[in-house]
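Asker: Provided herewith is a single structure, encoded as structure tokens, for subsequent inquiry.
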């Protein structure tokens with residue numbers, strides 16, 4: 021409905037005709053006849069659209085795609101398109117990216133034509149991904165947690181040991197105070213635009229308490245000790261290291277050195293405190309105490325806090341120089357402890373090119389089996405391999421003889437003139453002789469009615485040299501003979 025009126029322009033003495041409009045349905049006037057006016061749909065889903073008004077005696081319903089294709093809904097060009105309901109409507113199946121744009125619907129009937137349009141926005145269907153854990157600092161107040169980066173309409177959040185909460189708009193939760201009670205798996209249901217079904221998501225929340233990360237690193241001729249603050253708002257004001265057996269310590273500052281000791285780390289601003297010791301000696305190993313001066317903001321004022329302290333127990337390098345074997349890297353290898361006898365200990369260390377003066381006499385140092393000929397150097401080699409002994413007993417006054425890891429050193433220390441074949445032959449004879457001596461007293465299980473001979477011994481001797489000894493006339497059941 022509209023009204024016509026005339027307005028006089030005094031400045032230019034002209035008349036302007038104005039039209040006053042009055043709409044029966046302001047919403048249609050604002051949004052148009054297409055419903056919905058704007059539609060977000062995920063790729064692969066269905067899009068539904070129609071005209072907001074219905075014509076009496078509607079004769080046709082013509083669709084115009086964003087690409088300019090025009091067709092009547094009664095004769096669509098593809099089975100992707102069909103009528104949605106009895107009005108002039110459209111259903112688009114398996115929505116694709118090229119369906120983005122304006123779709124026009126035109127209905128005609130009784131000499132009346134109406135047209136509306138719907139703006140379609142196709143959203144890429146992103147597969148779910150594993151989100152990284154959310155790390156929170158223990159004891160902080162008013163902490164906001166963003167659970168999703170999606171532009172969701174709402175989310176339903178279920179925290180551990182708590183009721184579910186419906187959050188409108190962006191999925192975020194504000195905690196009054198972070199405690200260990202909120203740690204665990206949070207189950208989240210997202211209402212995502214373009215999808216009917218809610219999208220499930222799980223977020224792992226970890227609450228980290230303030231602590232000191234301490235340790236040491238052997239680096240060639242350097243020893244690094246570190247004492248870093250983790251998960252804290254505190255800032256470092258000074259860094260101090262002290263041997264617990266000494267009365268004095270070291271004031272460590274970034275960029276300062278006395279020729280032997282200097283700062284180690286990435287700076288106080290990164291909450292890292294450390295010390296580097298050049299060419300460490302025996303006195304540099306043992307127990308150290310690190311002390312950190314700290315401050316933090318409280319009510320818009322920086323206030324000093326009690327110092328933080330920790331102990332670091334520093335052990336010397338245990339392995340042979342250039343030997344890469346360790347109990348972690350090569351757990352299948354045996355590691356033999358250096359003797360406590362001062363003379364033998366010095367010989368072992370000198371053969372491995374270790375400086376005896378740098379190692380404390382009480383330190384436990386281990387050589388891996390690659391530096392020995394175990395069958396010759398290990399007194400109980402046969403028993404150990406067969407499982408009769410759990411201890412490693414070396415031959416008296418034995419020395420490590422293999423250092424292939426040190427390329428500039430003799431790889432094997434052995435008696436001159438020893439023939440390889442003769443040595444192997446003697447070794448085999450000695451092994452057989454040891455096994456024969458062991459077989460003189462067969463292992464008997466007294467609780468069983470039959471005598472049982474340990475069969476693991478049999479594989480070292482020919483079959484015709486072993487005669488099982490049975491104490492009674494009962495037969496030995498094969499299921500009780502180990503190894504069969």
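Numbering (our numbering), first residue to last: 21 to 504.
Each residue gets a CB set at the ideal place from its N, CA and C atoms; glycine is no exception.
To which residues of the same chain is residue 467 closer than 6 Å at the C-beta, ignoring the five residues directly before and after it?
Answerer: At residue 467 the pLDDT is 44, less than 50, meaning the model places this residue with poor confidence; the figure from the coordinates comes in the next sentence. Once the five neighbours on either side are set aside, residue 467 has no close Cβ partner at all.
Asker: If I follow the unbroken beta strand (DSSP E) through residue 246, where does it start and stop?
Answerer: First-last of the beta strand (DSSP E) with residue 246: 242 to 250.
Asker: Out of 201, 163, 306, 208, state which residue places its alpha-carbon closest to the alpha-carbon of residue 195.
Answerer: Among 201, 163, 306, 208, the Cα nearest to that of residue 195 is on 163.
Asker: According to the neighbour-count rule (16 or more other Cβ atoms, all chains shown, within 10 Å of its Cβ), is residue 391 buried or exposed?
Answerer: With 16 or more Cβ atoms within 10 Å of its Cβ, residue 391 is classed as buried.
Asker: Roughly how many whole angstroms lie between the Cα atoms of residue 305 and residue 151?
Answerer: Those two C-alpha atoms are separated by around 43 Å.
Asker: Distance, Cα to Cα, residue 107 vs residue 127?
Answerer: For residue 107 and residue 127, the distance between alpha carbons rounds to 9 Å.
Asker: Using CA atoms only, rank isn't needed, just tell me which of 344, 172, 407 is closest to residue 386.
Answerer: Measuring from the Cα of residue 386, the nearest candidate turns out to be 344.
Asker: Residue 311 and residue 244: beta carbons closer than 8 Å?
Answerer: Contact flag unset, no.
Asker: Identify, in the order they occur along the chain, each residue of the same chain with its Cβ nearer than 8 Å to the Cβ of residue 286, setting aside the five sequence neighbours on each side.
Answerer: Excluding positions up to five away in sequence, the list reads 292.
Asker: Between which two residues does the alpha helix (DSSP H) containing residue 402 stretch?
Answerer: Unbroken alpha helix (DSSP H) run through residue 402: 401 to 406.
Asker: Thinking just about the alpha-carbon of each residue, which of 157, 367, 72 is nearest to the one in residue 54?
Answerer: For residue 54, the nearest C-alpha among the options comes from 72.
Asker: Could you tell me if residue 264 is buried or exposed, where buried requires 16 or more neighbouring beta carbons within 10 angstroms of its beta carbon?
Answerer: Per the 10 Å Cβ criterion, exposed.
Asker: What's the C-alpha gap between residue 248 and residue 276?
Answerer: Spanning the two alpha carbons is a distance of roughly 19 Å.
Asker: Across the segment 109 to 128 and the segment 180 to 193, are there enough close Cβ pairs to call them in contact, namely three or more that are closer than 8 Å?
Answerer: Touching, no.
Asker: Going by the DSSP bridge assignment, what does residue 224 pair with across the sheet?
Answerer: BP columns for residue 224 point to 205.
Asker: Have a look at residue 415 and residue 363 and give me their C-alpha separation to the nearest angstrom.
Answerer: Distance between the alpha carbons of residue 415 and residue 363 is about 16 Å.
Asker: Should residue 145 and residue 213 be called a contact, given that it needs their Cβ atoms to be closer than 8 Å?
Answerer: Their beta carbons are not under 8 Å apart, which means residue 145 does not touch residue 213 by this criterion.
Asker: So, with DSSP's three-state summary, where would you put residue 325?
Answerer: The answer is strand: DSSP assigns residue 325 an E or B state.
Asker: May I ask you to list the residues that DSSP assigns as paired with residue 188?
Answerer: Paired residue(s): 174.
Asker: Rounded to whole angstroms, how far is the Cβ of residue 208 from the Cβ of residue 168, which I believe are closer than 8 Å?
Answerer: Rounded, the Cβ-Cβ distance is 7 Å, consistent with contact.
Asker: Below 6 Å CB to CB, which residues in the same chain sit around residue 300 once its five sequence neighbours on both sides are set aside?
Answerer: 243.
Asker: Spatial neighbours of residue 230 within its chain, please: C-beta separation below 8 Å, excluding the five flanking residues on both sides.
Answerer: These residues qualify, in order along the chain: 157, 158, 159, 249, 250, 251, 252, 254.
Asker: Please check if any C-beta of chain D sits within less than 8 Å of the C-beta of residue 236.
Answerer: In the structure shown, chain D cannot be found, because there is only a single protein chain.
Asker: I need the DSSP call for residue 290, collapsed to helix, strand or coil.
Answerer: It is helical.
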